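K.L.:
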Amino acid sequence: MMRIVRTFARIFREIVKGQNVEAYVVALIGVALIAVDVIEVVDPSLQRTVIIAALVILIFRITLPPDERADLDEVLQDRQSYGPFREFLLSGRDVWIYGPSAANVLRESGYIRREILEKGGAVRVLVQDPGEREGLALLRRQLDTTHDLERDIGTSLITLRQMLTWGSMAYRLLPYGPGFSLVIVDPKGRDGRLVVEFFGFQNEVIDERMHIEITRRESQHWFDYWVGQYELMWNTATPDSQQPTAS
1 MMRIVRTFAR IFREIVKGQN VEAYVVALIG VALIAVDVIE VVDPSLQRTV IIAALVILIF
61 RITLPPDERA DLDEVLQDRQ SYGPFREFLL SGRDVWIYGP SAANVLRESG YIRREILEKG
121 GAVRVLVQDP GEREGLALLR RQLDTTHDLE RDIGTSLITL RQMLTWGSMA YRLLPYGPGF
181 SLVIVDPKGR DGRLVVEFFG FQNEVIDERM HIEITRRESQ HWFDYWVGQY ELMWNTATPD
241 SQQPTAS
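In our numbering, the protein residues as written are 1 to 247.
(1) Taking 8 Å as the threshold (C-beta atoms), are residue 174 and residue 126 in contact?
(2) Tell me the DSSP bridge mates of residue 238?
(3) Quick one, are the C-beta atoms of residue 89 and residue 115 less than 8 Å apart?
(4) Quick check: residue 156 and residue 122, are their CB atoms within less than 8 Å of each other?
(5) Expressed to the nearest angstrom, what Euclidean distance is found between the alpha-carbon atoms of residue 86 and residue 111?
(6) How many Å lie between residue 180 and residue 153 at the Cα?
(7) How long is the line joining the alpha carbons of residue 99 and residue 219, rounded to whole angstroms?
(8) Does the Cβ-Cβ distance between residue 185 and residue 92 come in under 8 Å?
(9) With three or more C-beta pairs closer than 8 Å as the rule, is the region 129 to 148 touching the region 186 to 194?
(10) Short check: CB of residue 227 to CB of residue 97, under 8 Å?
(11) Leaving out the 5 sequence neighbours to the left and right, which residues in its chain are closer than 6 Å to residue 215 when beta-carbon positions are compared?
(12) Excluding sequence positions up to five away, which residues of its chain have a Cβ less than 7 Å from the Cβ of residue 139?
(13) Whose C-beta lies closer than 8 Å to the C-beta of residue 253 among residues of the same chain, with five residues either side of it excluded?
(14) Starting from the Cα of residue 168, find the closest Cα among 236, 113, 151 and give me that residue.
(15) Going by C-alpha to C-alpha distance, which of 195, 201, 109, 165 sits closest to residue 222?
Shown next as structure tokens:
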């Protein structure tokens, strides 16, 4: 369903920009003729005219040089443009997560346990250190005010401490927020993929934050860049002082 919505959104944007208008017009006429033909017979000459027009447009478009400009509306999206988080994790083996509280991600902790940890995968999670008051104060200025950040972090820490018993799982506390959240699936794998969400400045509506999805196949450079960013954050972060110790 989400793919259908994205397709129609792309078509609308292209028409507004004056792109591929002739192709969409012919396609619309063709669909209309098919619909009419179901009810009554359409003049064969009209059918031939539409077919010839479609062929002419097809041949003409083949001769056009490729438009190598990226459609930024496809590259840069908001949270509503993405499907369920489970779909993003699908078939992943290793998952690295950072969010101020990671509350939205940890709502899927049962799925992470079943599909990642119990299948031999590994998970790393970074959340904000609730003891770093200055770091929390800065985040409150960036994030929406509809959620209690400290409460969300506390709830996430309870979940994370429980997850330690589920398999190859680790978490740490970051002293200050970098201005984005980050989820990486298979950071060392050839099919690795990641999503970065930028907080912006006093962005009150969480669904409007800008996202960008990068795969290793699309950009080795920028994929490795964000993997490197996460590794720096992980090395800077500290263990939770209340983390249970192995008995």
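Glycine included, every Cβ here is placed at the ideal spot set by N, Cα and C. Here the structure is a predicted model, which is why all the values come from computation and not from measurement.
P.N.:
Looking at the coordinates:
(1) With a cutoff of 8 Å on beta-carbon distance, residue 126 and residue 174 are scored as near each other.
(2) Here residue 238 is bridged, per DSSP, to 173.
(3) Yes. Within cutoff.
(4) Cβ distance not < 8 Å, so residue 156 and residue 122 don't count as in contact.
(5) Near 7 Å, if we compare the C-alpha coordinates of residue 111 and residue 86.
(6) Residue 153 has its alpha-carbon roughly 16 Å from the corresponding atom of residue 180.
(7) Approximately 23 Å, taken between the alpha carbons.
(8) By the CB criterion at 8 Å, residue 185 and residue 92 fall inside the cutoff.
(9) Taking 8 Å as the limit for Cβ pairs, the verdict is that the region 129 to 148 does not touch the region 186 to 194.
(10) No, Cβ-Cβ distance for residue 227 and residue 97 is not below 8 Å.
(11) Take residue 215, set aside five residues on each side of it, and the residues of its chain with a beta-carbon closer than 6 Å to its own are 193, in chain order.
(12) When the five nearest sequence neighbours on each side are left out, the beta carbons in the same chain lying within less than 7 Å of the beta carbon of residue 139 are those of 100, 128, 149, 177, in order along the chain.
(13) Shown here, the chain extends from 1 to 247; a query on residue 253 therefore has no answer.
(14) Ranked by Cα distance from residue 168, the first of 236, 113, 151 is 113.
(15) Nearest to residue 222 by alpha-carbon distance, out of 195, 201, 109, 165, is 195.
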